[in-house]
Every structure is written in C-alpha cells, then in structure tokens.
Amino acid sequence: MTFTHKQVLEEVLSLMTELSGDWEYSDEITAETRLLGDLAMDSLDLVILGSELQERYGQLPFSEFLAELGKQEADQRDVTIGELVDLICGQQRATAPGGVV
C-alpha cells in the first residue's frame, strides 16, 4: 500500500504527538519541528521512532539516514519532521512498481 505525502505527514505528526508525552516540548509539532533541536530526542527516542515508522511503512533506510545525519557538522546535525516524511515518501517511490506513487 502506498500513501500520499499528505497522509504520511498527518500520520507522522500524529505519531510524534503520541510519543511526545515523555518530552519537555509543549509547542505544536509541525513539519518544521526539528527532532533534535526542538524535541531533544535522544538515541532511544530515535530507535523507537524508527521502529514505529518501519512497522507502519515497511523497510526504511532509517539507520543510513541517521548515519548520514551524524556525518554533518554539529550545528547542522538535525532533521525536521518534513524531511523525515520526504524520506518515507521517497522510499515508497523507490519501491513502488514503476517507481511511481
């Protein structure tokens, strides 16, 4: 099953709101919200997030995505929810028959 960008964004935002109960972040979570800078997610949070996303969307290159993030300069080492949604949608396109979603 494939999902539209809007569907993925809505589902990821809902998941992030669910997971945010343990975080000290009280602002609205949006596509521009940064996982590390705003939500202060730690490695365990990222593992839980990755597991939840893979359960919903199938195999994702989440580990590779985070490894690339780790190679960036410290002040640029962050990702927005919107970028995460783009990763999911890009993976769907790559694995869809004919590469089209």
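With the first letter of the sequence shown counted as 1, position 1 gets the number 111 in our numbering; the numbers rise by one all the way through. Cβ atoms here follow ideal geometry from the backbone N, Cα and C, with glycine treated the same way.
- Taken atom to atom, the span from the alpha-carbon of T190 to that of R144 is near 4 Å.
- Setting aside the 5 residues that flank it on each side, F172 is surrounded in the same chain by G160, each with a C-beta closer than 6 Å to its C-beta; the list follows chain order.
- If you check the CB distance, G200 and A141 do not come in under 8 Å.
- Around the beta carbon of I139, 16 or more other beta carbons sit within 10 angstroms, so the residue counts as buried.
- Listed in chain order, the beta strand (DSSP E) elements of length 3 or more contained wholly in the stretch 125 to 173 amount to none.
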